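Numbering (full-length UniProt numbering), first residue to last: 1 to 420.
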Amino acid sequence: MRFLVIGSGAREHALVLAASQDPAVTAIACAPGNAGTAALAESLGVDLTDPAAIAALAEQWRADLVVIGPEVPLVVGAADAVRKAGIACFGPSAAAARIEGSKAFAKDVMTAAGVPTARSEVVDNPAHLDAALARFGPTWVVKDDGLAAGKGVVVTTDVEQARKHALMLLDGGHPVVLESFLDGPEASLFCLVDGRTVVPLLPAQDFKRVGDGDSGPNTGGMGAYAPLSWLPDGFVDDVVERVIQPVVDEMAERDAAFTGLLYAGLALTSDGPQVIEFNCRFGDPETQAVLALLRTPITGLLHAAATGTLAEQPPLEWEDGCAVTVVVAADGYPGKPLVGDVITGGEADGVLHAGTRRREDGAVVSSGGRVLSVVGTGADLEAARAEAYERIAGVGLAGAHHRTDIAARAARGEVSIPGR
Ligand code: AMP
Ligand code: GLY
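Here you go:
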């Protein structure tokens, strides 16, 4: 199988790495890729916002299966274009990717499917903002209705800060979503979906805030671990039954059948799991931890999802133990990151690349805010953490920062669900 991955993050590096260990794969390419994927796969240039260019590339390269990593190409219809060219594609149509691309659409699907989620209102006129804010609190959740790379959300107990963020979004012409605050630890559940059949992967948790102890602004994700020992028994089956399958069925009924990875971000509240958001793709950095534990060859699963045959797949096999991934971010991230700094130790085991590129003189340099995702595995979380942080100690990048507490509370048994 000729396997083409679209994207350039550590998630794509994890997919390329898994494919490189899969005997069914005869050739791998990644577009645009990064310095890490380039060591395992052919690097091809492509504009991620151009579906026709992505489809043309897949044809030219004679791909048997295309996996589209990021949300941006999916939302603009890259998967539709690839399928139209007659090539199997793991990734939802533009119509189905709206589950991530529009929070208002996602809410509408959830309401129709009877899925537990936060109460919400869309505000598109500043004149209606104050009255709407008065219907929420004492913790306000203010979101950009469109794609915002995880940075469009403000959660605050200060109504002035909530108002300021909402006005800033409205000024930029973006409708705002206000939500009731969901209290409880978060879990990400990734499900392979072929339009009808749902196959869940291991639950994971990511860390969105930039600093230790969940301090500082939201980012695209600073680390993750899997599996989650603190979840109640039956959690995955329960969420598939009450959340994922109803949403998948509702989307099929709307002529927006979902093919690809449906990602539910859940809050484990005292009233049970509630949906915070859906994403239409593998999450980053959770994927780096989840795929480190998957023993079943990945490309067969992705191909089955792309071709509607998931129901025929044998049950997934997982490694025992845990995986932890820690993001190494550039100086300045999540604001304006410094780029162009030399990275050393980037070729070591467990080091996945995101914002990296190879300079003409051969040096690997930083080229984005999240530079590396360093993965450790072990018999338990403590061992997996130790390996991840040992590996980070072997990496050099001037001014880089990372969280030191990824999975630390879970390792100490301190994560709990309110009221339990
Ligand atoms: P989103 O962009 O929707 O993924 O939101 C980013 C982060 O904001 C989530 O991972 C949560 O940590 C937080 N968040 C979003 N919505 C809520 C909510 N209704 N209640 C509590 N926290 C939320
Ligand atoms: N881990 C958060 C995301 O991928 O959106």
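Glycine included, C-beta positions come from ideal geometry on N, C-alpha and C. Note that the structure is a prediction, hence the values are computed from the model and not measured.
Give the DSSP-derived three-state secondary structure of residue i in the structure shown.
| i | result |
| --- | --- |
| residue 138 | coil |
| residue 178 | strand |
| residue 334 | coil |
| residue 402 | coil |
| residue 107 | helix |
| residue 45 | coil |
| residue 127 | helix |
| residue 246 | helix |
| residue 276 | strand |
| residue 121 | strand |
| residue 293 | coil |
| residue 231 | coil |
| residue 171 | helix |
| residue 51 | helix |
| residue 201 | coil |
| residue 417 | coil |
| residue 76 | coil |
| residue 158 | coil |
| residue 211 | strand |
| residue 163 | helix |
| residue 397 | strand |
| residue 287 | helix |
| residue 132 | helix |
| residue 252 | helix |
| residue 311 | helix |
| residue 24 | coil |
| residue 348 | coil |
Based on Cα-Cα distance, which residue from the options lies nearest to residue i?
| i | options | result |
| --- | --- | --- |
| residue 361 | 349, 342, 346, 92 | 342 |
| residue 54 | 6, 184, 140 | 6 |
| residue 310 | 263, 223, 200 | 200 |
| residue 330 | 308, 403, 19, 73 | 403 |
| residue 176 | 34, 157, 166 | 166 |
| residue 287 | 325, 269, 76 | 325 |
| residue 241 | 57, 56, 114, 129 | 114 |
| residue 192 | 141, 250, 264 | 264 |
| residue 279 | 80, 101, 12 | 101 |
| residue 400 | 31, 126, 333 | 333 |
| residue 62 | 73, 44, 140 | 44 |
| residue 47 | 223, 194, 89, 74 | 74 |
| residue 206 | 195, 185, 194 | 185 |
Within this structure, are the beta carbons of residue i and residue j separated by less than 9 Å?
| i | j | result |
| --- | --- | --- |
| residue 260 | residue 91 | yes |
| residue 384 | residue 370 | no |
| residue 208 | residue 197 | no |
| residue 103 | residue 137 | no |
| residue 472 | residue 375 | Outside the shown range of the chain, which is 1 to 420, sits residue 472, and nothing can be said about it. |
| residue 417 | residue 388 | no |
| residue 254 | residue 71 | no |
| residue 368 | residue 356 | yes |
| residue 133 | residue 98 | no |
| residue 323 | residue 290 | yes |
| residue 76 | residue 49 | yes |
| residue 231 | residue 247 | no |
| residue 204 | residue 227 | yes |
| residue 154 | residue 161 | yes |
| residue 123 | residue 129 | yes |
| residue 189 | residue 239 | yes |
| residue 116 | residue 273 | yes |
| residue 179 | residue 112 | no |
| residue 221 | residue 327 | yes |
| residue 339 | residue 372 | no |
Over the uninterrupted alpha helix (DSSP H) stretch that includes residue i, give me the two end residues.
| i | result |
| --- | --- |
| residue 35 | Where residue 35 is concerned, there is no enclosing alpha helix (DSSP H), given that its DSSP letter is neither H nor E. |
| residue 235 | 235-239 |
| residue 16 | 10-20 |
| residue 386 | 381-393 |
| residue 101 | 94-101 |
| residue 409 | 408-411 |
What residue does the beta strand (DSSP E) around residue i start on, and which one ends it?
| i | result |
| --- | --- |
| residue 269 | 259-269 |
| residue 64 | Residue 64 -> no beta strand (DSSP E), and no H or E assigned at all. |
| residue 186 | 186-194 |
| residue 299 | Not the beta strand (DSSP E): residue 299 falls in the alpha helix (DSSP H), residues 298-306. |
| residue 86 | Careful: residue 86 lies outside any beta strand (DSSP E) and carries neither H nor E. |
| residue 7 | 2-7 |
| residue 226 | 223-226 |
| residue 366 | 364-366 |
| residue 376 | 370-378 |
| residue 352 | 351-353 |
| residue 357 | 356-358 |
| residue 328 | 322-329 |
Hey, which residues come within less than 5 Å of the ligand GLY, measuring from Cβ to any heavy atom, in chain order?
206, 221, 283, 284
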